[in-house]
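S.K.: Numbering (our numbering), first residue to last: 4 to 427. We treat Cβ as the ideally placed atom computed from N, Cα and C, and that holds for glycine.
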Ligand code: SF4
Ligand code: SF4
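Take a look at the structure:
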């Protein structure tokens, strides 16, 4: 497979291997030093940065993205390298609050703080940012980002069941295609789109397979380790090789304490960008194992592929991205269906929902998720509302422990009932 700009694999590997650049875009503090692919992903930001610099030096365009609605394939077909700019660092919140209101979600503030501080090298090297109208805070922040960075904002319709709305999204895809062709002086052909679709389908399939390891009754990795295995740069060859290696190495690995002694958690809600994994750590430090993350840093964006043989590739790309069940959509029935399916596939014993403080859409929708978990799935539910500050960690830990006690109590009364049924 070729890389960003048709370079040979050996050249790309050299660029990724010699990487020692440290960036401020998140950390792996809290997880012990690992080996093999897990170690590689602990330094993934450095690998990604080296790769992005390598591609840019050879004429590729760096395109910043901040959401799972962004069609990576169109950017790649235009010779662009999509890099994620979502901020997960609490340190970037304070500088952002000099401009943005404090009652805004940490993810938005952190992302913007990086721009003010010029502290995200991916953002500083970006030739273009492609964003979309999702939540109000993000879309207004983009106007301020546009002071320093070239932006294109896609208008995301928010009624997933409405045919007219989908047609508008297809039109937005065609508009983005023209913008990319003009700005990068290129032509996006069907052949280039097919190659990009093949790369991203492969990346999604590998991530699905890794996530599926957690379906086991004794998973070989923690949810935190799986969360750490994410790519800052979409379709990066070195990452794909590491995903493959992980799939060869991880089955059969044993966790200590054994994974089957922990409470199986389905985590839903907002994404956890690199550096903002605190709640995941609290869950797993208190006896839980996050077997499935339904959110945008989990399985949600990798469940659907794109048909590379579709007669209209732009429509096929539009369809894949439009049907992402994010809370900015109304109604967002797809998320409830997905949660029901995932809770069964991953044998979840409880549902934990994470909401970044002031995230209105996930917060309002949380009452529907609670109802689904408790009334339909018969699973205990906990909603955690927090931000990037660690000040409430002890309180969150207590609530998680209490949830796990409830799960433990239910499991033992179910065990007793089974015994009675067998003996009586
Ligand atoms: S949660 Fe919604 S707005 Fe946030 S990254 Fe995912 S799709 Fe985009
Ligand atoms: S977490 Fe909520 S408020 Fe924050 S960027 Fe995502 S959708 Fe917007």
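Quick check on DSSP: helix, strand or coil for residue 163?
M.R.: As a working mapping, residue 163 is identified with position 160 in the chain shown. Looking at residue 163 - three-state DSSP - the assignment turns out to be coil, as it is neither helix nor strand.
S.K.: At which residue ranges does the segment 136–219 contain complete alpha helix (DSSP H) runs of 4 or more residues, listed in the order of the chain?
M.R.: The segment 136–219 contains these whole alpha helix (DSSP H) runs: 139–148, 166–186, 193–215.
S.K.: Just to confirm my understanding: we take residue 120, look at its own chain, exclude 5 residues before and 5 after, and list those with CB closer than 7 Å. What are they?
M.R.: In the chain shown, the residue the question calls residue 120 occupies position 117. Within the same chain, residue 120 has close Cβ partners 95, 98.
S.K.: Between residue 250 and residue 312, how many whole angstroms is the CB-CB distance? I'm expecting something under 8 Å.
M.R.: As a working mapping, residue 250 is identified with position 247 in the chain shown. As a working mapping, residue 312 is identified with position 309 in the chain shown. With 8 Å as the limit, residue 250 and residue 312 do not qualify as a contact, their Cβ atoms being about 26 Å apart.
S.K.: Cβ-heavy atom distance between residue 234 and ligand 1 below 8 Å?
M.R.: Numbered from 1 along the chain shown, position 231 holds the residue referred to as residue 234. False, no ligand heavy atom lies under 8 Å from that Cβ.
S.K.: Alpha carbon to alpha carbon, how far is residue 158 from residue 45?
M.R.: Looking up residue 158 in the chain shown gives position 155. Looking up residue 45 in the chain shown gives position 42. Near 35 Å, if we compare the C-alpha coordinates of residue 45 and residue 158.
S.K.: Under a Cβ-count criterion, where at least 16 other Cβ atoms within 10 Å of its own Cβ denotes burial, should residue 48 be classed as buried or exposed?
M.R.: As a position in the chain shown, residue 48 is number 45, starting the count at 1. Classification for residue 48: buried.
S.K.: Classify residue 384 as helix, strand or coil using the three-state DSSP reduction.
M.R.: Numbered from its first residue, the chain shown carries residue 384 at position 381. Of the three classes helix, strand and coil, the one that applies to residue 384 here is strand, per DSSP.
S.K.: Is residue 359 near ligand 2, going by C-beta to nearest heavy atom under 8 Å?
M.R.: To locate residue 359, count along the chain shown from 1; it is residue 356. Yes, ligand 2 has a heavy atom inside 8 Å of this Cβ.
S.K.: Among the candidates 356, 206, 360, 361, whose CA atom is the shortest distance from the CA of residue 375?
M.R.: For the purposes of this step, residue 375 is identified with residue 372 of the chain shown, where counting begins at 1. Ranking 356, 206, 360, 361 by Cα distance to residue 375 puts 356 first.
S.K.: Please name the residue or residues paired with residue 85 in a DSSP beta bridge.
M.R.: Indexing the chain shown from 1 puts residue 85 at position 82. BP columns for residue 85 point to 66.
S.K.: Taking the alpha-carbon of residue 299 as reference, which of 62, 76, 89 has the nearest alpha-carbon?
M.R.: What you label residue 299 is simply residue 296 of the chain shown in a count that begins at 1. The candidate whose alpha carbon is nearest that of residue 299 is 89.
S.K.: Would you say the beta carbon of residue 354 is closer than 8 Å to some non-hydrogen atom of ligand 2?
M.R.: One-based indexing of the chain shown puts residue 354 at position 351. No.
S.K.: Just to confirm, does residue 93 get its C-beta within under 8 Å of one of the non-hydrogen atoms of ligand 2?
M.R.: Start at 1 with the first residue of the chain shown, and residue 93 comes out as number 90. Every heavy atom of ligand 2 is 8 Å or more from the Cβ of residue 93, so no.
S.K.: Between residue 56 and residue 329, what straight-line distance do the alpha-carbon atoms span, to the nearest angstrom?
M.R.: Within the chain shown, numbered from 1, the residue matching residue 56 stands at position 53. Within the chain shown, numbered from 1, the residue matching residue 329 stands at position 326. Looking at the two C-alpha atoms, the distance is approximately 32 Å.
S.K.: Does the segment 308–326 touch the segment 200–209, meaning 3 or more C-beta pairs lie closer than 8 Å?
M.R.: Enough Cβ pairs lie closer than 8 Å, so yes.
S.K.: Out of 200, 166, 295, 182, which has the shortest C-alpha to C-alpha gap to residue 220?
M.R.: Your numbering for residue 220 matches position 217 in the chain shown. Considering only alpha carbons, the answer is 295.
S.K.: On the premise that residue 289 lies in contact with residue 420, defined as a C-beta separation below 8 Å, what is that separation, rounded to the nearest angstrom?
M.R.: As a first step, residue 420 is located in the chain shown; it is residue number 417 there, counting from the start. As a first step, residue 289 is located in the chain shown; it is residue number 286 there, counting from the start. In fact, because the Cβ distance is near 27 Å, the residues do not count as touching under 8 Å.
S.K.: Which of helix, strand or coil does DSSP assign to residue 296?
M.R.: By one-based count along the chain shown, residue 296 stands at place 293. Here residue 296 sits in strand by DSSP.
S.K.: Which one or two residues does DSSP pair with residue 132 in a beta bridge?
M.R.: Against the chain shown, residue 132 aligns to sequence position 129. Per DSSP, 67, 154.
S.K.: Would residue 360 count as contacting chain B if we go by Cβ distances under 9 Å?
M.R.: In the structure shown, chain B does not exist; there is a single protein chain.
S.K.: Say yes only if the C-beta of residue 175 is nearer than 8 Å to one or more non-hydrogen atoms of ligand 1, and no if none qualify.
M.R.: As a working mapping, residue 175 is identified with position 172 in the chain shown. It does not: the Cβ of residue 175 is nowhere closer than 8 Å to a heavy atom of ligand 1.
S.K.: Considering only DSSP beta bridges, list what residue 353 is partnered with.
M.R.: Counting from one through the chain shown, the residue named residue 353 turns up at place 350. Residue 353 pairs with 268.
S.K.: Output the distance between the C-alpha atoms of residue 27 and residue 394, rounded to the nearest integer angstrom.
M.R.: The count along the chain shown starts at 1 and reaches residue 27 at position 24. The count along the chain shown starts at 1 and reaches residue 394 at position 391. For residue 27, the pLDDT reaches just 37, beneath the cut-off of 50, and the residue's location in the model is therefore unreliable, although a value from the coordinates is still provided. The straight-line gap from Cα to Cα measures roughly 21 Å.
S.K.: Spatial neighbours of residue 379 within its chain, please: CB distance less than 8 Å, with the 5 preceding and 5 following residues excluded, ordered by chain position.
M.R.: Stepping through the chain shown from its first residue, residue 379 is reached at position 376. If we look at residue 379 and ignore the five residues flanking it on each side, its Cβ neighbours are 343.
S.K.: Starting from the C-beta of residue 39, find all residues in its chain whose C-beta is less than 6 Å away, skip the five residues before and the five after it, and write them out in chain order.
M.R.: Counting from one through the chain shown, the residue named residue 39 turns up at place 36. Answer for residue 39: 252, listed in chain order.
S.K.: Going by alpha carbons, who is nearest to residue 287 out of 264, 133, 154?
M.R.: The residue you call residue 287 lines up with position 284 of the chain shown. With distances taken between Cα atoms, residue 287 lies closest to 264.
S.K.: Over the uninterrupted alpha helix (DSSP H) stretch that includes residue 366, give me the two end residues.
M.R.: The count along the chain shown starts at 1 and reaches residue 366 at position 363. Per DSSP, residue 366 belongs to the alpha helix (DSSP H) from 363–374.
S.K.: Count the other CB atoms within 10 Å of the CB of residue 273; is the residue buried (16 or more) or exposed (fewer)?
M.R.: Taking the first residue of the chain shown as position 1, residue 273 is located at position 270. The residue in question, residue 273, is buried, as its Cβ has 16 or more Cβ neighbours within 10 Å.
S.K.: For the alpha helix (DSSP H) holding residue 72, just list the boundary residues, first then last.
M.R.: As a working note, residue 72 is residue 69 in the chain shown. That residue, residue 72, is in no alpha helix (DSSP H); it is neither H nor E in DSSP.
S.K.: Taking only three categories from DSSP, how would you classify residue 236?
M.R.: Position 233 of the chain shown holds residue 236. Residue 236: strand per DSSP, three-state reduction.
S.K.: Can you give the Cα-Cα distance for residue 334 and residue 162, rounded to whole angstroms?
M.R.: In the chain shown, the residue the question calls residue 334 occupies position 331. In the chain shown, the residue the question calls residue 162 occupies position 159. Using only the alpha carbons, I get a separation of about 7 Å.
S.K.: What whole-angstrom Cβ distance do residue 214 and residue 302 have, given they're in contact under 8 Å?
M.R.: The residue you call residue 214 lines up with position 211 of the chain shown. The residue you call residue 302 lines up with position 299 of the chain shown. Confirmed, about 5 Å.
S.K.: Could you name the residues of the same chain whose beta carbon sits closer than 7 Å to that of residue 107, not counting the 5 residues immediately before and after it, in chain order?
M.R.: In the chain shown, residue 107 corresponds to position 104, counting from 1. Taken in chain order, the residues that qualify are 140, 361.
S.K.: Hey, which residues come within less than 5 Å of ligand 1, measuring from Cβ to any heavy atom, in chain order?
M.R.: This criterion selects 70, 71, 137, 299, 329.
S.K.: Buried or exposed: which applies to residue 418, given that a residue is buried once 16 or more other Cβ atoms fall within 10 Å of its Cβ?
M.R.: Here residue 418 corresponds to residue number 415 of the chain shown, with the count starting at 1. So residue 418 counts as exposed.
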